[in-house]
Amino acid sequence: MSTGGYLILLFVFFVFLFDALLDVLDLFSLGRCKSADDIGVYDEKQFRRMVSYQKDKLVCRAVRKLVNGVVLIALFVLGFVKYVAVVLESGVCGLFWKTVIMFVIIEGIVALVGAFFDALDTFEVEKRHGFYTGGLTVFLRDMFISSFLGGVVLVLVLGVVVLFVDLSHSKWWVYVALFISMFNVFVVYIYPSFVAPLFYKFHELESVELRERIERLFDMVGSKLRGIYVMEASKKSKHTNAYFAGVGNKKRVVLFDTLIESLSVDEIVCVFAHELGHYKLGHIPKMIFVSTVVVFVVLYMSYGLVNLKWMCVALGLPYNFPCSLLVVFMIVSAALFLVNPLVMAISRKHEFDADRYAVDVTGTPHSFIRALTELYKDNAVNPCPHPLSVVFRYSHPPILLRLRKLEECKGMK
Ligand SMILES: [Zn+2]
């Protein structure tokens, strides 16, 4: 391996390190929230619980990223990737299978490390702090399903890449980008009906009072909704949430059963109004557009990089398509993290806008503030993350910032 190869690996490792460093910064920030009174959201007992949970969570996450980075780099430095590439080169299978086997072996090893930390996070953090309520069987079942789905998507995308590289050498990135963008929309469309039910059971909202209140809200803003569903989240976790999923005739609002147990009817209506805000303000298509732009930029970058022979040579690998694609995948995945600030900033703006919408449409800012506070408390969310961590990783604004914005809304009324 030459200096260029070490520089490539250094860049990739830097991103893992930087991501882990953000967890460490969050840990320090947590230390600066001295007491529940300083924050004004948690009572003393809840505050101590939140701090203890967040400390464990952040340490687990930071160690996971470092180990992930070290394992990936070690696979290159110790010559394992080269070994697989040389064995595959002498094999008789075609380009598609060589590419698939290469990715399945390397990404599979990285995924195994991830699975170990998932188990650690689930049983040593979530379960110990009273959030995870499922058992080992449920955990293994979910892990098997998500790994299987991930594997299918990986093979599908690699198949499309190889197909278009074969068919059109210079334009393959455009066709692959188009395919991935359409696949993204397809997933958003089928997610509520086919993917989410693999992990959770759903049923129609039973509470007549709540249903009437929600339907009245929809009538008021002239919207039609296909379904109000309750997700039986409590079978696995005590975390609370709600989300708007799907597009077209598959769109639906999903409330966690844990949320229904935790909030009053007025507060749930506010949460619902916030989710309705995401829909009415067009946040789903806007985010699909953003991800489409990112996909095209990423594929164009990949197209430019995959032809650079020196990268494979610098890493001591044979120059062939599977090796080039693997190296490019590693570099582009790392570079994608640097796009996070833009995507996260858009997402946080959408959250502020949906908050504002909820307050305007319900006219009950106090209930909304109570609902929001309960949501953050129930989930033991860190109320004072480090600003740099917020920039890179927070799709939702920190609670104190959200409350401040809502106070401004109230002031304007
Ligand atoms: Zn939201």
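For the sequence shown, position 372 matches number 372 in my numbering, and the numbering has no gaps at all.
Ideal placement from N, C-alpha and C gives every residue a C-beta, glycine not left out.
Keep in mind it's a predicted model, so treat the numbers as computed, not measured.
Are at least three pairs of beta-carbons, each pair with one atom in the region 347-364 and one in the region 304-317, less than 8 Å apart? no
Applying the 10 Å Cβ sphere with the 16-neighbour rule, what's the burial state of residue 91? exposed
Determine which residues share a DSSP beta bridge with residue 237 and list them. 132
Roughly how many whole angstroms lie between the Cα atoms of residue 66 and residue 17? 6 Å
At a cut-off of 8 Å, would you count residue 354 as near ligand 1, judging by its Cβ distance to the nearest heavy atom? Result yes, Cβ under 8 Å from ligand 1.
Would you list the residues sitting across from residue 242 in a DSSP beta bridge? 255
Identity of the residues DSSP links to residue 231 by a beta bridge: 202 and 256, per the DSSP bridge assignment.
Can you name, in chain order, every residue of its own chain whose Cβ lies under 8 Å from the Cβ of residue 237, other than the five neighbours on each side? 126, 131, 132, 133, 134 and 258
Count the other CB atoms, across all protein chains shown, that sit within 10 Å of the CB of residue 197; report buried if there are 16 or more and exposed otherwise. When all chains shown are included, residue 197 counts as exposed.
If contacts are defined as beta-carbon pairs under 8 Å, then residue 398 and residue 384 qualify, I think. What distance do you get, rounded to the angstrom? 7 Å
Apply the 10 Å Cβ neighbour rule to residue 78 and answer buried if 16 or more other Cβ atoms are within range, or exposed otherwise. exposed
To the nearest angstrom, how far is the alpha carbon of residue 377 from that of residue 129? 14 Å
Just mark residue 322 as buried or exposed, buried being the case when its beta carbon has 16 or more other beta carbons within 10 Å. In this structure residue 322 is buried. Its beta-carbon is surrounded by 16 or more other beta-carbon atoms within 10 angstroms.
Measuring alpha carbon to alpha carbon, tell me which of 402, 9, 22 and 6 ends up nearest residue 392. Closest by alpha carbon: 22.
Using C-beta distances below 8 Å, list every residue in its chain close to residue 362, excluding the 5 sequence neighbours before and after it, in chain order. Closer than 8 Å at the Cβ level, and outside the excluded window around residue 362, lie 217, 269, 270, 273 and 368.
Can you confirm whether the region 322-335 touches the region 92-107 when touching is taken to mean that 3 or more C-beta pairs between the two stretches lie within less than 8 Å? Output reads yes: the region 322-335 touches the region 92-107.
Would you be able to state if there are at least three C-beta pairs under 8 Å between the region 206-214 and the region 175-182? no
Does the region 102-117 come close enough to the region 60-76 that 3 or more CB-CB pairs lie under 8 Å? yes
Can you give me the start and stop residues for the alpha helix (DSSP H) that residue 295 sits inside? 283-306
Short Cβ contact (9 Å threshold) for residue 82 with residue 317: yes
Among 58, 85, 93 and 109, which residue has its Cα nearest to the Cα of residue 74? 109
Could you tell me the distance, in whole angstroms, from the CA atom of residue 10 to the CA atom of residue 106? Using only the alpha carbons, I get a separation of about 18 Å.
Buried or exposed for residue 69, going by 16 or more other Cβ atoms inside 10 Å? buried
Would you mind stating whether residue 95 and residue 166 have Cβ atoms separated by less than 9 Å? yes
Per-residue DSSP class, three states only, for residue 4: helix
Within 8 Å: the Cβ of residue 239 and any heavy atom of ligand 1? No, the beta carbon of residue 239 sits no closer than 8 Å to any heavy atom of ligand 1.
Cβ-heavy atom distance between residue 215 and ligand 1 below 8 Å? no
Return yes when the Cβ of residue 223 is within less than 9 Å of the Cβ of residue 287, no when it is not. no
Neighbourhood of residue 227 by C-beta distance below 6 Å, restricted to the same chain and skipping five residues each side: Counting only Cβ-Cβ distances below 6 Å, and skipping sequence neighbours, we find 252.
Under 7 Å Cβ to Cβ from residue 164, same chain only, skipping five residues before and after it: list those, please. 172, 175 and 176
Pick helix, strand or coil for residue 115, following the three-state DSSP scheme. helix
Leaving out five residues on either side along the sequence, give the residues of the same chain with a beta carbon under 7 Å from the beta carbon of residue 4. 310 and 314
Which term fits residue 404, buried or exposed, when burial requires 16 or more other beta carbons within 10 angstroms of its beta carbon? Burial call: exposed.
In three-state terms, what does DSSP make of residue 171? coil
Taking only three categories from DSSP, how would you classify residue 43? coil
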